[in-house]
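Asker:
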Amino acid sequence: MDIAESAMDGLVARLKGEVFTPQDAGYARELPGFNRIGQHRPDVIVAAQSAEDVSAAVSFAARQGLPIAVQATGHGIAAPALGGVLVSTRRMNAVAVDPVTRTAYVEAGAQWHQVIAAAAPHGLAPLNGSSPLVGVVGYTLGGGLGPLGRQYGFAADHVTCIELVTADGGVRQVTRDRHPDLFWALRGGKGNFGIVTGLWFGLMPVRRLYGGGLHFPGEQAAQVLHTWRRWSATVPEEMTSSVSLLRLPDVPDVPEFLRGVFAAHVRISFTGRAEEGERLVRPLRECGTPLADSVAEMPYTAVGDIHQDPAHPLPYHERNIMLRELGSQAVEALLRVAGAGSSCGDLMVEVRHLGGALARPAEVPNAVGVREGAYTLSTLSAPGSPDVVLGAMEEWGTGRRYLNFLAGADTAGSAAECFAPETLSRLARVKAAVDPDNLFRLNHNIAPLP
């Protein structure tokens with residue numbers, strides 16, 4: 004799109020940060036996110052350094068009639084920005100912890116490892132996800148399901164204040180008392196209502212875990228899954244766990260014993276005493292012959308070692324469904340499509356145990372739409388890979404998907420599947436009130452109610 008030189012000059016004059024167009028040398032360096040499944044090609048990139056920069060970028064886009072995309076780390080890319088304005092927030096990465104109120108404040112581009120490190124000296128922990136490299140804001144707005152979930156709920160449940168730039172360029176402080184409908188919608192509706200430039204949320208009194216992983220040979224996947232299924236129905240809320248079926252490539256980033264082989268990986272996060280954790284985990288240890296066993300007492304700062312998510316960018320589809328139950332028939336069906344001897348090519352097929360605090364309403368209601376699920380079933384797949392596993396498991400599904408476990412252009416239209424009809428309708432009404440022209444549509448979009 005041709006943009007008048009005077010308009011560009013006006014944008015540059017308002018910014019502390021930089022502006023890049025396709026003709027600029029820094030344009031290509033600013034584009035890539037962590038997930039390379041999609042590539043942005045905007046008309047303009049604004050490398051924001053402050054809320055005022057974000058406000059200027061949004062006002063510029065609105066005057067030009069351009070859609071707006073936002074990128075901090077780029078883990079959850081849906082619709083690539085092919086044209087429009089991309090607001091890059093990665094330079095806005097300040098983090099502050101208040102140990103007295105047990106709260107944290109982050110700017111738009113902060114990552115979880117920063118919050119974990121800042122909270123740990125005070126015996127506190129955030130409700131981060133499995134990878135410490137994920138951006139705090141996008142993860143939290145999408146719900147936020149992590150290793151402390153069964154005990155403390157979704158990250159969105161503990162947000163207390165949001166600084167938001169809306170489609171009119173205004174900067175709002177959004178709380179349960181100020182803009183309550185918007186506060187409800189932002190916590191679960193993700194990036195549909197503006198650009199979050201600051202976030203305040205509660206921290207948990209967690210200093211250490213009994214956690215880690217048990218890796219088993221792929222031929223033992225059936226006994227591992229069946230044992231874990233029965234076991235997960237008996238454990239306390241202090242135990243959050245999952246099982247992944249892994250088919251990882253033979254590359255240096257992958258531990259040598261997992262390269263190019265099929266394996267089952269049980270992930271354990273327990274906040275109780277180590278002796279109790281060891282007792283609880285014993286049936287899993289004894290269900291097969293582990294290739295590796297890293298489950299032990301650990302500081303919370305090592306939480307990323309549990310899932311061992313990739314640390315370097317790569318392209319992948321991420322898809323999921325919510326399961327209402329996981330009985331023996333469901334496990335057998337999963338093994339047929341993803342177990343030993345199957346034709347499954349997914350890099351990872353993971354079942355996460357939900358329930359506990361994840362099933363209870365938030366103290367301050369929000370739009371997180373998957374509390375009825377007993378488990379999530381998600382897949383990570385190489386570019387071009389079709390969805391085979393999830394389709395075979397729909398019989399046990401709730402009909403919902405979890406917003407944060409969706410990435411790739413084929414998931415861009417999936418927002419409607421993440422919410423009950425009445426929740427989606429309310430989200431669309433809030434969207435109409437704050438973004439009637441749907442400027443924020445380069446995402447898992449919720450269209451404004453006409």
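Residue numbers (the working numbering): 4 to 453. For every residue, glycine included, the Cβ atom is placed at its ideal position computed from N, Cα and C. Just so we're clear, the structure is a prediction, and the values are computed from it rather than from any experiment.
1. Rounded to whole angstroms, how far is the Cβ of LEU409 from the Cβ of ALA81, which I believe are closer than 8 Å?
2. DSSP beta-bridge partners for VAL88?
3. With distance defined between alpha-carbon atoms, name the residue in GLY145, SER53, ALA28 and THR106 nearest to ALA418.
4. Taking TYR155 as part of the alpha helix (DSSP H), name the residues at either end of that continuous run.
5. Can you name the start and end residues of the alpha helix (DSSP H) that ILE497 belongs to?
6. Are at least three pairs of beta-carbons, each pair with one atom in the segment 341-348 and one in the segment 317-324, less than 8 Å apart?
7. Looking only at DSSP bridge pairs, what is GLY215 linked to?
8. Kindly identify the DSSP beta-bridge partner or partners of CYS421.
9. How should GLU335 be labelled, buried or exposed, when 16 other C-beta atoms within 10 angstroms of its C-beta is the threshold for buried?
10. For GLY29, collect the residues of the same chain with a Cβ closer than 6 Å to its Cβ; drop the 5 residues on either side in sequence, then sort them by chain order.
11. Can you tell me the Cα-Cα spacing of LEU127 and VAL103, whole angstroms?
12. Go ahead and label SER331 buried or exposed: buried means 16 or more other beta carbons lie within 10 angstroms of its beta carbon, across all protein chains shown.
13. Does DSSP classify LEU430 as helix, strand or coil?
14. Since GLN223 and THR292 are thought to touch, with beta carbons under 8 Å apart, how far apart are those beta carbons, to the nearest angstrom?
15. Kindly give me the distance between the Cβ atoms of VAL184 and VAL433, rounded to whole angstroms, as I take these residues to be in contact under 8 Å.
16. Using 10 angstroms around the beta-carbon of GLY191, count the other beta-carbons present and answer buried if the total reaches 16, otherwise exposed.
17. By the 10 Å Cβ neighbour count, where 16 or more other Cβ atoms means buried, how is GLY68 classified, buried or exposed?
18. Whole beta strand (DSSP E) runs in the segment 171-246 with 3 or more residues, listed along the chain?
19. Quick check on this structure: which residue in MET301, PRO124, ALA65 and GLU33 has the alpha carbon closest to the alpha carbon of GLY20?
20. DSSP three-state label for GLU8, please.
21. In three-state DSSP terms, what is ILE165?
22. Looking only at DSSP bridge pairs, what is SER384 linked to?
23. Answer with buried or exposed for GLU398, where buried requires no fewer than 16 other C-beta atoms within 10 angstroms of its C-beta.
24. Could you please give the first and the last residue of the uninterrupted beta strand (DSSP E) stretch that includes ASP390?
25. Using the beta-carbon count (16 or more within 10 Å), is PHE157 buried or exposed?
26. Does the Cβ-Cβ distance between ARG403 and GLU425 come in under 8 Å?
27. How would you label ALA97, buried or exposed, when you count the other beta carbons within 10 angstroms and need 16 or more for buried?
28. Residues in the same chain with beta-carbon distance under 6 Å from GLY197, minus the five sequence neighbours each way, listed in chain order, please.
29. Classify ALA31: buried if its beta carbon has 16 or more other beta carbons within 10 angstroms, exposed otherwise.
30. Tell whether a beta-carbon distance below 8 Å holds between LEU249 and ALA266.
31. Would the beta-carbon of TRP187 fall within 8 Å of that of ASN407?
32. For a test of the three-state rule: what should DSSP assign to ASN96, helix, strand or coil?
33. Taking 8 Å as the threshold (C-beta atoms), are LEU329 and VAL354 in contact?
34. Excluding five sequence neighbours on each side, which residues of the same chain lie with their C-beta closer than 6 Å to the C-beta of VAL177?
35. Check the C-beta distance from LEU337 over to TYR378 and give it rounded, since I have them as a contact under 8 Å.
Answerer: Taking the coordinates as given:
1. 7 Å
2. VAL47 and ILE71
3. GLY145
4. 152-155
5. Residue 497 cannot be examined here, being either before or after the span of the chain that is shown, 4 to 453.
6. no
7. ILE271
8. Bridge partners of CYS421: none, in fact.
9. exposed
10. PHE23
11. 11 Å
12. exposed
13. helix
14. 7 Å
15. The question names Val, but residue 184 is Asp in the sequence shown. Correct: roughly 5 Å between the Cβ atoms.
16. buried
17. exposed
18. 174-177, 198-205 and 211-220
19. GLU33
20. helix
21. strand
22. HIS320
23. exposed
24. From DSSP, ASP390 is part of no beta strand (DSSP E); its letter is neither H nor E.
25. buried
26. no
27. exposed
28. LEU167, VAL168 and THR169
29. exposed
30. yes
31. no
32. coil
33. yes
34. ILE165, LEU167, LEU185 and PHE186
35. So it is not a contact: roughly 11 Å between Cβ atoms.
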